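A short write-up of the structure that comes next.
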Amino acid sequence: MSRRREEARTDETTLSEGMKRNIELEGISKFAQHVELTIDELLLNDKREHLTNAENKHFTKPNLEGATNPLEILKRTLSVRSVLSTHSSFAERMKALRNADPNNLCLAEIGCGSFGRVYEIPGTEWCLKKTLKSPEAMWIEFINGKKISQAVNNQAATAILQSEEFPDDLMPRVPRYLCSYGMEDFESTQRWFRNNGHMFPVENGGQKPGPVICLERIMPLPKLVRESLIQHYFNPEKQAAALADEKNKACICRAYLGCESKEIPPAKLEQQRETLQNFPLYLDQLLELEMDPQIIARDMALGLAAGHWAANIDMLDVEYVIGSRPFMRENEIGPISKADIKAAKEKSNRRVRNMSAKNAPKQQRLSFRNRAIRLWMIDFNKAETFDASLGRNYDKSIAQLVANTRSTDGPYYPRVVAKNEYQWKLWVCFARTYIRASQTILTETIDRNRAIGLSYRSKDEELVLKRPVYIINEWIKAEATEYGISSKQFKKMLQDNKWEMP
Ligand SMILES: Nc1ncnc2c1ncn2[C@@H]1O[C@H](COP(=O)(O)OP(=O)(O)O)[C@@H](O)[C@H]1O
Ligand SMILES: [Mg+2]
Numbered sequence: 026m027s028r029r030r031e032e033a034r035t036d037e038t039t040l041s042e043g044m045k046r047n048i049e050l051e052g053i054s055k056f057a058q059h060v061e062l063t064i065d066e067l068l069l070n071d072k073r074e075h076l077t078n079a080e081n082k083h084f085t086k087p088n089l090e091g092a093t094n095p096l097e098i099l100k101r102t103l104s105v106r107s108v109l110s111t112h113s114s115f116a117e118r119m120k121a122l123r124n125a126d127p128n129n130l131c132l133a134e135i136g137c138g139s140f141g142r143v144y145e146i147p148g149t150e151w152c153l154k155k156t157l158k159s160p161e162a163m164w165i166e167f168i169n170g171k172k173i174s175q176a177v178n179n180q181a182a183t184a185i186l187q188s189e190e191f192p193d194d195l196m197p198r199v200p201r202y203l204c205s206y207g208m209e210d211f212e213s214t215q216r217w218f219r220n221n222g223h224m225f226p227v228e229n230g231g232q233k234p235g236p237v238i239c240l241e242r243i244m245p246l247p248k249l250v251r252e253s254l255i256q257h258y259f260n261p262e263k264q265a266a267a268l269a270d271e272k273n274k275a276c277i278c279r280a281y282l283g284c285e286s287k288e289i290p291p292a293k294l295e296q297q298r299e300t301l302q303n304f305p306l307y308l309d310q311l312l313e314l315e316m317d318p319q320i321i322a323r324d325m326a327l328g329l330a331a332g333h334w335a336a337n338i339d340m341l342d343v344e345y346v347i348g349s350r351p352f353m354r355e356n357e358i359g360p361i362s363k364a365d366i367k368a369a370k371e372k373s374n375r376r377v378r379n380m381s382a383k384n385a386p387k388q389q390r391l392s393f394r395n396r397a398i399r400l401w402m403i404d405f406n407k408a409e410t411f412d413a414s415l416g417r418n419y420d421k422s423i424a425q426l427v428a429n430t431r432s433t434d435g436p437y438y439p440r441v442v443a444k445n446e447y448q449w450k451l452w453v454c455f456a457r458t459y460i461r462a463s464q465t466i467l468t469e470t471i472d473r474n475r476a477i478g479l480s481y482r483s484k485d486e487e488l489v490l491k492r493p494v495y496i497i498n499e500w501i502k503a504e505a506t507e508y509g510i511s512s513k514q515f516k517k518m519l520q521d522n523k524w525e526m527p
């Protein structure tokens with residue numbers, strides 16, 4: 026065959042391949058339209074599939090038989106491994122709102138921090154975060170969030186899962202970051218708000234223009250848990266009002282492993298126990314509720330290791346919260362399966378233009394009725410990328426990374442300067458899991474780099490794998506110094522108590 030004919034043939038093949046792909050894409054696009062997802066979401070859902078199924082195995086439904094008081098109900102239902110069916114108004118409302126006109130949506134506020142406010146997008150698994158402060162910091166949150174969610178939910182979670190070394194642990198989830206609005210410049214923020222501002226609540230500057238990002242929503246804890254939390258922890262005089270307060274529907278708890286509630290000034294504790302938005306669960310409460318703090322410590326360690334070594338982010342000011350997410354077993358609602366996409370494509374090739382609901386693949390909607398309670402990581406507007414390459418200022422960069430990591434708005438991590446053996450063991454469990462998980466993630470990265478021809482000298486490789494140990498040592502040093510304890514005194518304390526190092 027002459028070169029010219031061969032080239033022509035190649036062009037022809039490319040053209041027909043291209044057309045075939047276009048038709049396939051049209052099929053996928055129609056299917057996406059049918060299930061009311063964007064193509065990106067559709068593909069993302071498909072990508073998440075094997076992880077979701079692997080994750081599902083960790084969750085069990087609690088047995089509520091004989092649970093009569095709020096504490097007993099909480100002990101059975103509230104854990105980072107339970108799945109609950111909820112018949113609360115929430116699931117109904119979400120379902121009803123799916124068909125609502127998007128122009129008339131009312132975006133209720135579901136959370137607020139010192140930087141931004143978060144609003145639910147009813148009927149969806151998404152929410153909006155808006156700030157009236159710095160657009161730059163919002164942009165950082167968006168970029169960090171995208172990077173961290175991809176690195177943690179996909180890359181690191183897969184590495185941890187495939188290593189088979191952490192069979193009982195679960196990577197905390199990071200909300201997916203979908204898109205941003207009105208972020209280009211001041212004019213675009215104003216324009217976006219002229220069209221959409223009316224959907225925000227009037228209170229708390231809701232209708233004031235500000236940059237907005239759209240991210241995956243952490244679903245609240247189910248009604249049974251919310252009611253029991255109020256009945257068990259709230260001041261009796263405030264319970265009736267709290268039970269009736271709509272705001273308490275957006276209930277998310279914070280997991281504080283590093284502090285007990287008795288260490289909090291009573292007035293502050295009482296104030297914290299007036300709302301279920303960001304309800305703190307201190308170590309003694311986690312024990313009282315039989316939530317097994319060791320499990321939470323291990324999950325937290327996986328999340329931190331993933332943030333550091335898969336995303337290379339220092340995790341400054343990150344929050345660890347307990348919330349839920351829609352839960353599906355493979356054979357129940359099930360994420361969109363490859364078979365369904367294939368079926369959609371086949372249909373699209375034949376009769377895509379009249380794909381009716383009857384002919385379409387089975388509805389693959391998320392159900393808000395079943396919810397898995399788990400640990401999440403949020404809030405990335407202060408976090409920064411750190412240089413993970415092997416630099417000269419090695420000790421300095423480790424010390425800086427540890428200082429930034431430990432700087433959180435709450436005592437999330439277990440404490441190094443433990444008050445008793447349980448607290449020390451909790452720290453050791455966190456530290457050991459962090460080291461092992463970090464090394465697993467780093468090894469996977471090294472292997473991946475090697476596969477594309479990038480290799481380390483074996484001395485450097487050793488050094489890279491030692492970093493997590495240096496971080497833990499630096500962490501111990503930094504916390505002891507904070508409490509005015511010298512390394513010598515600290516070592517003596519461990520020896521006297523016969524406590525072993527991580
Ligand atoms: N993806 C989310 N889904 C549901 N609630 C959220 C989500 N992100 C944040 N929140 C709630 O809103 C609060 C404020 O959000 P956060 O990101 O911490 O803002 P800030 O940067 O102001 O601290 C959080 O503490 C949490 O209660
Ligand atoms: Mg915050």
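Residues in the sequence shown are numbered consecutively from 26, following the working numbering.
We put the CB at the ideal spot given by N, CA and C, even for glycine.
The model shown is predicted, which means the values in this text are computed figures rather than measured ones.
DSSP three-state label for residue i, please.
i, result
"Lys444", "coil"
"Leu153", "strand"
"Gly332", "helix"
"Glu145", "strand"
"Val60", "In this prediction, Val60 has a pLDDT of 47, which is less than 50 and means its spatial position is unreliable; nothing more can be read from the coordinates."
"Arg198", "strand"
"Glu299", "coil"
"Lys513", "helix"
"Met526", "coil"
"Tyr206", "strand"
"Thr93", "coil"
"Ser110", "strand"
"Leu519", "helix"
"Gly359", "Low per-residue confidence applies at Gly359: pLDDT is 37, beneath 50, and the placement is therefore not dependable, though the value from the model is reported in the following sentence. Note: Gly359 maps to coil in three-state DSSP."
"Val227", "coil"
"Glu189", "coil"
"Cys131", "coil"
"Thr433", "coil"
"Tyr495", "helix"
"Thr183", "helix"
"Pro160", "helix"
"Ile48", "Note on Ile48: pLDDT 48, under 50, position unreliable in the model; the coordinate value appears next. Of the three classes helix, strand and coil, the one that applies to Ile48 here is helix, per DSSP."
"Phe393", "coil"
Give the DSSP bridge partners of residue i, in chain order.
i, result
"Leu13", "This structure cannot speak to residue 13, because the chain is shown only from 26 to 527."
"Pro261", "Looking at the DSSP assignment, Pro261 forms no beta bridge with any residue, so it has no partner."
"Ser349", "Met244, Ile398"
"Gly7", "Look at the range of the chain in this structure, 26 to 527, and you will see that residue 7 is not part of it."
"Thr410", "Ile338"
"Glu315", "In the DSSP output, where bridge partners are listed per residue, Glu315 has none listed."
"Thr85", "Ser107"
"Ile403", "Glu344"
"Ile238", "Lys154, Ser205"
What is the C-beta distance between residue i and residue j, in whole angstroms, given that I count them as a contact (C-beta under 8 Å)?
i, j, result
"Trp151", "Cys239", "6 Å"
"Glu446", "Asn522", "7 Å"
"Pro192", "Glu241", "Pro192 to Glu241, Cβ: 26 Å. No contact."
"Ser188", "Thr465", "5 Å"
"Arg101", "His83", "Not a contact, Cβ separation roughly 17 Å."
"Met316", "Ser104", "5 Å"
"Phe263", "Glu299", "Going by the sequence as given, residue 263 is Lys instead of Phe. Contact holds; Cβ gap of about 6 Å."
"Leu157", "Glu145", "About 19 Å separates the two Cβ atoms, so there is no contact after all."
"Ile347", "Ile398", "6 Å"
Could you tell me whether any non-hydrogen atom of ligand 2 is closer than 7 Å to the CB of residue i?
i, result
"Gly348", "no"
"Asp404", "yes"
"Glu344", "yes"
"Gly170", "no"
"Gly328", "no"
"Gly138", "yes"
So is the beta-carbon of residue i under 7 Å away from any non-hydrogen atom of ligand 1?
i, result
"Pro200", "yes"
"Gly435", "no"
"Gly141", "yes"
"Arg242", "yes"
"Gln297", "no"
"Asn303", "yes"
"Cys152", "yes"
"Ile135", "yes"
Does the region 325 to 340 come within contact of the region 193 to 205, defined as at least 3 CB pairs closer than 8 Å? yes
Between the region 254 to 265 and the region 171 to 184, do three or more beta carbon pairs fall short of 8 Å? no
Pair every Cβ in the region 504 to 520 with every Cβ in the region 428 to 442, then say whether three or more of these pairs are closer than 8 Å. yes
Please confirm if the region 219 to 228 is in contact with the region 165 to 179, defined as three or more CB-CB distances below 8 Å between the two stretches. no
Spell out a yes or no on whether the region 403 to 410 and the region 337 to 344 are touching, meaning 3 or more CB-CB pairs, one atom from each, closer than 8 Å. yes
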